[in-house]
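In this note's numbering, the protein residues as written are -5 to 346. Read through the structure below, which is laid out as structure tokens, and then see the notes.
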């Protein structure tokens, strides 16, 4: 090694954001292993790199002791022998004797190159990890790269994200080269670099899509108070505003439905009901059952049950296909929802 190597090391350190001294210390540690591996030495050795000219020296280190211990003759030197080299040595000091092999330069250069490459790779992985770790709970746009088993892999530029089977939308087909948005669920640090897990089913994806599409939500004028989602089929989202001049539902729907339709397209046709949040549980439950019309809601605060009455012709709409509308309304409001038609209510009253 020479001063040119040190200059190159300094440039690499600056470009990759790694401290030069950290690189040098790592190289020194790696050179100790390289020395032992190539020269069959089990001795206690130290390797130093001259910070001015890049010169490398290997030193055998022996501890100064009053009396040698059996089996540690290579690691120790008695005090009177050490004082022949330097009269100032005391027990516990270390005597260093240079043992740099003539051909060690070539081995050192190879080792240094490997260490630098490895540290650069680790640094880049660290930067990528920090970048995406700080974006947990955010949306990324990726390109479908490949499928491995049931996992789908999205290319995110400098990184790759995994879309596991449980986070894939039912019936959704992912084609290579296709662009799509996904929600970052978790970023893990692994020996092979950051592992980024993304989702297409998470309620957070819907929330972030509305934040991106609706300026009033992004600016905090309209607030999302609740989301209930059955990914790929139907979702309900409750919105609220304190500004009397803003219609929160209208803001999310957009002119001629353009805003919500953009989100529906991204979610491959998933139906989205946008309802107004209300602090009154009865009204909130009625709103949540949209698009069904509700006659009345009676709430049991203690049991947290809402008894809902709807017109006969609205019963199937209120319940929804396979109970989906009622199920989502209950999930959105946090209340158990019991739906009956007018005639069912009358029959019940007659029986009583």
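Note that the Cβ used here is the ideal one computed from N, Cα and C, for glycine as well.
Sequence-distant residues of its chain with Cβ nearer than 8 Å to residue i (five each side left out)
i, result
"residue 24", "105, 106, 108 and 109"
"residue 166", "194, 226 and 262"
"residue 164", "225, 226 and 227"
"residue 114", "6, 10 and 12"
"residue 206", "133 and 212"
Contact check, residue i vs residue j, beta carbons under 9 Å
i, j, result
"residue 288", "residue 299", "no"
"residue 221", "residue 232", "yes"
"residue 177", "residue 122", "no"
"residue 311", "residue 276", "no"
"residue 175", "residue 260", "yes"
"residue 224", "residue 321", "yes"
"residue 152", "residue 97", "no"
"residue 229", "residue 266", "yes"
"residue 173", "residue 135", "yes"
"residue -1", "residue 48", "yes"
"residue 81", "residue 33", "no"
"residue 99", "residue 50", "yes"
"residue 208", "residue 171", "no"
"residue 180", "residue 130", "yes"
"residue 270", "residue 309", "no"
Supposed close pair residue i, residue j - CB separation, criterion 8 Å
i, j, result
"residue 68", "residue 37", "5 Å"
"residue 53", "residue 72", "About 19 Å separates the two Cβ atoms, so there is no contact after all."
"residue 303", "residue 339", "5 Å"
"residue 204", "residue 156", "No, residue 204 and residue 156 are not in contact; Cβ-Cβ is about 25 Å, not under 8 Å."
"residue 88", "residue 58", "7 Å"
"residue 101", "residue 2", "At roughly 19 Å, the Cβ-Cβ gap does not stay under 8 Å, so residue 101 and residue 2 are not in contact."
"residue 79", "residue 70", "Contact doesn't hold; Cβ gap of about 14 Å is too wide."
"residue 191", "residue 158", "7 Å"
"residue 301", "residue 272", "Not quite, the Cβ-Cβ distance comes to about 17 Å (not below 8 Å), so this is no contact."
"residue 330", "residue 324", "6 Å"
Contact set for residue i: own chain, Cβ-Cβ below 6 Å, skip 5 residues either direction
i, result
"residue 327", "278, 279 and 282"
"residue 210", "216 and 245"
"residue 41", "22, 25, 26 and 52"
"residue 182", "189"
"residue 154", "147"
"residue 150", "134 and 136"
Simplified DSSP assignment, three categories, for residue i
i, result
"residue 53", "strand"
"residue 135", "strand"
"residue 84", "coil"
"residue 272", "coil"
"residue 173", "strand"
"residue 288", "coil"
"residue 283", "coil"
"residue 20", "helix"
"residue 197", "helix"
"residue 168", "coil"
"residue 158", "coil"
"residue 187", "strand"
"residue 37", "coil"
"residue 63", "coil"
"residue 145", "strand"
"residue 43", "strand"
"residue 77", "helix"
"residue 92", "strand"
"residue 130", "coil"
"residue 354", "Residue 354 lies beyond the stretch modelled for the chain, which goes from -5 to 346, so this question has no answer here."
Residue i at chain C interface by Cβ criterion, 9 Å
i, result
"residue 175", "Among the chains of the structure shown, chain C does not appear; only one protein chain is present."
Residues near residue i in its chain [Cβ-Cβ closer than 7 Å; skip 5 each side]
i, result
"residue 116", "none"
"residue 268", "231, 233, 243, 246, 247 and 254"
"residue 337", "306"
"residue 13", "7"
"residue 91", "53 and 54"
"residue 201", "218 and 221"
ask   = Fully enclosed by the segment 217 to 246, which beta strand (DSSP E) runs are 3 residues long or longer?
value = When DSSP assignments are scanned along the segment 217 to 246, the uninterrupted stretches of beta strand (DSSP E) that are 3 or more residues long and fall wholly within it turn out to be 217 to 224 and 228 to 234.
query = Along the chain, which unbroken stretches of the alpha helix (DSSP H) at least 4 residues long are found entirely within the segment 301 to 345?
reply = 309 to 313, 318 to 327 and 336 to 345
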